[in-house]
Structures are given as C-alpha cells and as structure tokens.
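Protein chains in written order, with my numbering: chain A, -16 to 166; chain B, 229 to 800. All C-beta atoms, glycine included, are put in the ideal place defined by N, C-alpha and C. This one's a predicted model, so the numbers in the text were calculated from it and none came from an experiment. Written out below as structure tokens is the structure these notes cover.
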C-alpha cells in the first residue's frame, strides 16, 4: 500500500490506519470483503443524496466487492494533511491525501464515464441527485449551463481536471475533505 | 469425606470379622439392608473366617473412613454376588470357607443369593448406584436453595449473600483491570484506545446551510459536493445507528470470554483467575440459577392459576400482587440481579402508563420486582404462552392476538379502556419497539402517547461490567440469550422513576414522545437518537433522503440563483 510504503512512516499515519482498522474490525463480521449491500445498510449513508456515488467510489472498475486494501486506499483520501508533510521531499510518490489527490477524488465523483471531462449531462446527473424532485428540469439545466460557462476556459463545454482545480483554488479543500480521528 | 464417583475400592484387610460388618457398613454408609444381607451371607457360608472375597465390578459409595480397608467387588449386572473370585495370594477359597492360613487351590465360590435388584435412582435404597449419595446431595441442594433464597425473597428480605458476592466480584474485577493496565504498559504493539462515548472521529456539526452559504456565491458550485461527501465518509467510518444494535464495548475486560475482543494474553495469573471464573460460572452459578428460574416460573404459573380461581375482589387483587411480586423476586435472584431503585416516590400509579427504554426481555422482570404492572404484548406460543394464559387469570394483563396487533385503532381502544379504569394496574409499555444496546434511546413510537392519561417515564441503565443484558435478536435466539445471561457474573442496573408527564396543549403525540424520550435519556445518561429502532432489520425510508434533497434545493433557489439568471437573460 502506497501509504505504508512511505519512508517516513510517522505516527499519524499509523494511528490513522489503526483507527480505521479498529472501526472496521468492530463492524465487520464476515471476512474482509465488503459488498454494496453492506454500505447501504448504514442509515446515515443511505439518506445521503450522493450516497450511491460515494459507495461506487470504493469499488474498482466493474467489481462487486472491495477488499480491505482497496477500502483503505479510498479512505486514505480523507486523511488530514499535516504541516510537516508539506515540506518533505517531493521526489517520492504523491501521498493519497494531497490536495491534488483529494480534488481528483471529487472530480471522479462527477465524472462517471472517466473520460477526464465533466460534461453537461454528468453535471446534470449529480445536480439531480442532490436536489431530488424539488427543482424543475429547465431550472436545473440553466444552473448547469451557467456553472459550466463560468468554469470552462477552453470553450469545449466540458470541465477538465485543470479547469476544475482552477475553480476550486480558493476553497479550503484540506479542511472540507478531511476526517480527523480523536486519538 | 468426599463423594467418590466412579470406582472405589476398599482394600481388604486382615482381621475382618463378620461381626464387624455392621460397623463397617455403617462406616461406609451402606444401607442397613445391604449390610444385613452381607452379614447373612457371611454367616450362611458358615464362615468364621476372616476373609471373603467377591469378584468383579466395583461400586460407588461414600467413604467414611478411607483407612478402613476391605475389598469388596460386586458383580457387574444388578450387583449380583457370587461370581468366581479373584485369586489372591493371601486368601484362597477352600470349599466355601476361606482361610488365610490354608492355601488350597481356588474353587468357585458358591453361588449366593443375589441381592435385590437395585431400585431406580432416587430411591435411597440403592447403594449400588450411589443413589443415596446423589439424592442426599439433591435434597441438601434444594434445602439450601429454599432456605437461603426462596423464603427470604418471598418475604422480601435480604440475607446479604448477594451483597457479599458482589463485593468479591468487584474486588476481583478491579484487580483484573489493574493487571491488564500493567500488561498493556508494554510498548508493543500500541493498540488504539477503545472509543469514548464521543466516537472516534471529530464530527463537524455545522448544518448544511451554514457550510454551503459560507461560500462566496450561494448558487451551485462544484464545492457543494464536499459537504455531502464528507458526511458520507464520516458515516462509513463511524455511524451512530448500527453500533446501537450490537453490544457495547467495554473499557476493560471483565473476565468473560464473550467480551474478549481486544484483549490478548497478559499474564498467567489473569488466565488462572479467568479459568476459575469459568468453572464458577458454569458449574456452580448456572445450575443454581437454572433451578431458581425453574422454581420461579413454576410457582408463577401455579400461583396465578390458583389465584385466578377466586372471585374478583380486593382479596384476589391483593393475592395476585403478592404472587407476582414473589415470583419476580425469585426470578431476579435467579439472574443474580442487583437493582437500585431511585426516586421511589414517582412510582407509577394505577390508571397510568409506564414507559421505559428497552434493552432486553428481562426489563419487565426488573420493573415488576418493585411494583405491579399490567403487561402489554403479543400472545406467544410455548412456555411464554402458558405463562401469559396463567397470569391473565389473576391480573388483567393485555395480551393481543397477532392479527389484532396490526389494527392500531383496536389496540389504542383497548388500552384506553384499561387506562380509564382507575382500579386497574398501570400499563407497562416499551415504545422503542425493539431491544437497543443501552447506550442510547431511539425513536419512541407515537402510538403509546396517543392513548392519553398520565405517563410515568422510567429510565433503566445496566452496568455492563458485570454482564451484558442486551439481546441482539438478529444474532441470538432467546435460549442462547438466557444461557448467556445466566452465565454472566451478575445483572446490575439502576432504575430511575421520573416525575409523571402529561401532554401539553398544542403538543402532538410525536413531540410529546420526544419530550419524554429526552427526559429518560438525560436521566439515564444515554444519548438520544432520532433514528427508528426498526432499522435493525429494515432499510431506512426514502423520505429522509428526500428531506435532505429538499433542504439543499431550498438553499439553491432561495439564494436567488434562478432569479439572477432570469435577470441576466432579460438584460441580454
């Protein structure tokens, strides 16, 4: 696992992993494989409008179960970025919880067909998941159009990853996409 | 003076006179009849000699004087005598007369009159099967149980035995905790501490509106998904709901195998204490508790049936209360229950409704230990059905058929009639509908709060250190649950009677239910969760998701994104 292969295996990483292990151990009953139904049994996830997308993020392409390693890799995106890591040597592989990787994770939530572009349809789909039946199609369409118009720089009516990053450059991604463990 | 089960040999010794048979038989606690026939046998052989010998199998009996040696070997089947003797260098059979001094070749011992076939076990006249010993133990056991436990509980007094037991238990567990902490001080590997009541992750409780509207423009932005994403991941790592459907984790091991999740081998002494604990629990406590429970249930059935024959009146009510209280007390002792009742002045009165949080089926017994209630529930089959049918004769419990319970109006009507009658006992209801693991109180179903009348809330909090009372009904069935309860150390709990509550003006049943639930949760030190206990088995309803979606879309529309769009298009 890339996370554990890092040379400076500092305490925070170990603690993060151990806390995750502990979580999983207290919840897992059968083996080390999770299925989609296991996730859907969590009530707070089931009422999340983006619940299905989040669950899909765990499962690699076309597979129906995720093993512990895969689970950890996905969860590792949410590790908080520590200060001492910012200044470490840049030659090693980029950690999963870097700002760029967190943004990439969010990008993948939009980009269903994995073509590295968020098209108008994909954006509409996510919007529809988030608002349910409360906003009409035309209103939603206009919201999507406006959003793409503002973010699109090369005029292809789709958002690439670079444009995505540019739009979110002022947003504190580290704080919004991190889970802090209490120990 | 131990009872030796299995084979016991009395070694034959010199100088054994027939006249000593009586004394000898007395010494080994034989039945006199057997001793007499032995004596007769010896004299019938005309032997004045000292020795005799029987061959073959051995028998159980109680040794009084282990130093008295005499070798008896009895025949295997039905303990008949007279099989060919074993040859012994010291004693050889000579024409029916055995003499030590004469060494003649062995000849078959004359066939003796066989002993009477042993009776069935339980009759004290069958030493061949050790029945005397076992039945005496049985009677002693029952005498102890009756004298020390049943009679005091019937009279409602306490002999202090359970207090002493609890004191020993507490001291042992404290010692075990210290040993565990000492053992855990060794540096590796560093195990994460068990989660505190606040959970293992830092939760950001800012509501959706605040978080999303903090952004510069409150119309849709790509960053809006961060909020949902993080909430989703927090739920995956640690969710509040599903952890309530399994047993609570302990901060320190309480020497029960079943809670040994995170603890590994620490020291030999601890393991030895644990083994002793296992033996004590399974070989001593379990039979004792089982006996008590059986006695309690039987006396409840018999007692309530007997009281049910009486005509309705004050005498019948009084007697039925006595019977219920006594049997409850016996059953509580059967679980080694130590219950502390607080605020007894708020105890539920007649014509009221008693409402409590639900952790296990024994909640009802815990509450009836201190007062009489009319139970509400579904009719079951089997032993439970027998108990239900018997008790309803003595006391007006409300049992519903399975078909009736689906009809909410019928249920409410019947309960309303019961409550309106001020001479009837208060009803006992558990509004959560299912067993929760005693760390939180989940949603109260509003049906009980629509009946009207005064609500008497009761908070029940178990101490998990001594035994986990939670019944995980999706994992264990009732029999294995009862077995676990009876092999725990004890059931210790606190019961708080809260002041009565009535529905306020303009408050609907749901709000009233939430108010009562908050009061119970606050008193018992439990967390409050708005989730339905039915989520143990069922999936969550889609309406909750729709609510979230509605909230989000309200924000989008409210903040004028659509309005500004129209303005833009118009200006173009």
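In whole angstroms, what separates the C-alpha of residue 163 of chain A from that of residue 639 of chain B?
Taking the first chain and counting its residues from 1, one reaches residue 163 of chain A at position 180. Taking the second chain and counting its residues from 1, one reaches residue 639 of chain B at position 411. For residue 163 of chain A and residue 639 of chain B, the distance between alpha carbons rounds to 48 Å.
Say whether the segment 128 to 148 of chain A touches the segment 46 to 63 of chain A, bearing in mind that this needs 3 or more beta-carbon pairs closer than 8 Å, one atom from each stretch.
no
Could you spell out where the beta strand (DSSP E) holding residue 168 of chain A opens and where it closes?
Here chain A has residues from -16 to 166 only, and residue 168 of chain A is not among them.
Taking only beta-carbon atoms, is residue 781 of chain B less than 8 Å away from chain A?
To locate residue 781 of chain B, count along the second chain from 1; it is residue 553. For residue 781 of chain B, the answer is yes, since a Cβ of chain A falls inside 8 Å of its Cβ.
Consult DSSP for residue 671 of chain B and reduce its assignment to one of helix, strand or coil.
One-based indexing of the second chain puts residue 671 of chain B at position 443. Coil at residue 671 of chain B, not helix or strand.
Which residues mark the beginning and the end of the beta strand (DSSP E) in which residue 627 of chain B is found?
Taking the second chain and counting its residues from 1, the one referred to as residue 627 of chain B is at position 399. Unbroken beta strand (DSSP E) run through residue 627 of chain B: 626 to 628.
Hey, does residue 408 of chain B have any beta-carbon neighbour from chain A nearer than 8 Å?
Residue numbering aside, residue 408 of chain B sits at position 180 when the second chain is read from its first letter. Taking Cβ atoms only, chain A never reaches closer than 8 Å to residue 408 of chain B, which makes this a no.
Can you grab the Cα-Cα spacing for the pair residue 139 of chain A / residue 465 of chain B, in whole Å?
For the purposes of this step, residue 139 of chain A is identified with residue 156 of the first chain, where counting begins at 1. For the purposes of this step, residue 465 of chain B is identified with residue 237 of the second chain, where counting begins at 1. Distance between the alpha carbons of residue 139 of chain A and residue 465 of chain B: 39 Å.
If the cut is a Cβ gap below 7 Å, which residues of chain B does residue 117 of chain A touch?
For the purposes of this step, residue 117 of chain A is identified with residue 134 of the first chain, where counting begins at 1. Result: 777, 778, 781.
Which residue from B:668, B:732, B:599, B:611 puts its Cα closest to that of residue 756 of chain B?
Walking along the second chain from the start, residue 756 of chain B turns up at place 528. That would be B:668, whose Cα lies nearest to the Cα of residue 756 of chain B.
Identify, in the order they occur along the chain, each residue of the same chain with its Cβ nearer than 8 Å to the Cβ of residue 510 of chain B, setting aside the five sequence neighbours on each side.
In the second chain, the residue the question calls residue 510 of chain B occupies position 282. Cβ neighbours of residue 510 of chain B beyond the five flanking positions: 715.
Return the chain-ordered ranges of every alpha helix (DSSP H) run that is complete within the segment 461 to 544 of chain B and spans a minimum of 4 residues.
496 to 507, 514 to 536
Compute the Euclidean distance between the alpha carbons of residue 21 of chain A and residue 54 of chain A, then round it to the nearest angstrom.
For the purposes of this step, residue 21 of chain A is taken as residue 38 along the first chain, with counting starting at 1. For the purposes of this step, residue 54 of chain A is taken as residue 71 along the first chain, with counting starting at 1. Between residue 21 of chain A and residue 54 of chain A, the C-alpha separation is close to 13 Å.
Return the chain-ordered list of same chain residues with a C-beta closer than 6 Å to the C-beta of residue 618 of chain B, the five sequence neighbours on each side being excluded.
As a first step, residue 618 of chain B is located in the second chain; it is residue number 390 there, counting from the start. Closer than 6 Å at the Cβ level, and outside the excluded window around residue 618 of chain B, lie 529, 532, 533.
So is the beta-carbon of residue 600 of chain B under 7 Å away from any non-hydrogen atom of the ligand FAD?
The ligand FAD is absent from the structure shown, which contains no ligands of any kind.
Partners in chain B for residue 109 of chain A, counting only beta-carbon separations shorter than 8 Å
Along the first chain, read from residue 1 onward, the residue named residue 109 of chain A stands at position 126. By Cβ distance, chain B contributes 453.
If you measure beta-carbon to beta-carbon, which residues of the segment 141 to 163 of chain A are closer than 7 Å to chain B?
147, 150, 151, 154, 159, 160, 162, 163
Nearest-angstrom Cα separation, counted from residue 552 of chain B out to residue 663 of chain B
By 1-based counting over the second chain, the position of residue 663 of chain B is 435. By 1-based counting over the second chain, the position of residue 552 of chain B is 324. Looking at the two C-alpha atoms, the distance is approximately 24 Å.
Give the range of the alpha helix (DSSP H) segment to which residue 637 of chain B is assigned.
As a working note, residue 637 of chain B is residue 409 in the second chain. Segment 636 to 648, the alpha helix (DSSP H) holding residue 637 of chain B.
Quick check: the segment 734 to 754 of chain B against the segment 537 to 555 of chain B, are at least 3 beta-carbon pairs closer than 8 Å?
no
contact_flag[the segment 147 to 155 of chain A, the segment 113 to 128 of chain A] where n(CB pairs < 8 Å) is 3 or more
no
What beta strand (DSSP E) runs, 3 residues minimum, are completely inside the segment 692 to 732 of chain B?
719 to 725
Where are the alpha helix (DSSP H) runs, 4 residues long or more, that stay fully inside the segment 40 to 111 of chain A, in chain order?
Here the runs fully enclosed are 51 to 59, 66 to 69, 82 to 93.
Quick check: the segment 500 to 516 of chain B against the segment 584 to 593 of chain B, are there 3 or more CB pairs under 8 Å?
no
Name the DSSP beta bridge partners of residue 583 of chain B, please?
Here residue 583 of chain B is taken as the residue at index 355 of the second chain, counted from 1. Residue 583 of chain B pairs with B:657, B:685.
Kindly confirm or deny that the segment 672 to 690 of chain B and the segment 647 to 654 of chain B touch, where touching means at least three C-beta pairs closer than 8 Å.
Output reads yes: the segment 647 to 654 of chain B touches the segment 672 to 690 of chain B.
State whether the segment 618 to 632 of chain B contacts the segment 717 to 727 of chain B, with contact taken as three or more CB pairs (one from each stretch) at a distance under 8 Å.
no
Rounded C-alpha distance that separates residue 688 of chain B from residue 724 of chain B
Here the question's residue 688 of chain B lines up with position 460 in the second chain. Here the question's residue 724 of chain B lines up with position 496 in the second chain. Cα to Cα, residue 688 of chain B sits roughly 7 Å from residue 724 of chain B.
Counted within 10 angstroms of its Cβ, other Cβ atoms place residue 554 of chain B as buried (16 or more) or exposed:
Stepping through the second chain from its first residue, residue 554 of chain B is reached at position 326. With 16 or more Cβ atoms within 10 Å of its Cβ, residue 554 of chain B is classed as buried.
Three-way DSSP call (helix, strand, coil) for residue 570 of chain B in this model
As a first step, residue 570 of chain B must be located in the second chain, where it is residue number 342. Three-state DSSP puts residue 570 of chain B in a strand.
Roughly how many whole angstroms lie between the Cα atoms of residue 496 of chain B and residue 537 of chain B?
Counting from 1 along the second chain, the entry for residue 496 of chain B is found at position 268. Counting from 1 along the second chain, the entry for residue 537 of chain B is found at position 309. Cα to Cα, residue 496 of chain B sits roughly 60 Å from residue 537 of chain B.
Taking C-beta to C-beta, are residue 760 of chain B and residue 25 of chain A nearer than 8 Å?
As a position in the second chain, residue 760 of chain B is number 532, starting the count at 1. As a position in the first chain, residue 25 of chain A is number 42, starting the count at 1. No, the Cβ-Cβ distance between residue 760 of chain B and residue 25 of chain A is not below 8 Å.
In this structure, how does DSSP classify residue 143 of chain A when only helix, strand and coil are distinguished?
Numbered from its first residue, the first chain carries residue 143 of chain A at position 160. Three-state DSSP puts residue 143 of chain A in a strand.
Given residue 102 of chain A, which residues of its chain have a CB within under 7 Å of its CB, disregarding the five upstream and five downstream residues?
As a first step, residue 102 of chain A must be located in the first chain, where it is residue number 119. Counting only Cβ-Cβ distances below 7 Å, and skipping sequence neighbours, we find 141.
Determine which residues of the segment 30 to 45 of chain A have a Cβ less than 8 Å from any Cβ of chain B, and write them out in chain order.
30, 31, 32, 33, 34, 37
Are residue 740 of chain B and residue 750 of chain B touching if we call contact CB-CB under 8 Å?
By 1-based counting over the second chain, the position of residue 740 of chain B is 512. By 1-based counting over the second chain, the position of residue 750 of chain B is 522. Going by C-beta atoms, residue 740 of chain B is not nearer than 8 Å to residue 750 of chain B.
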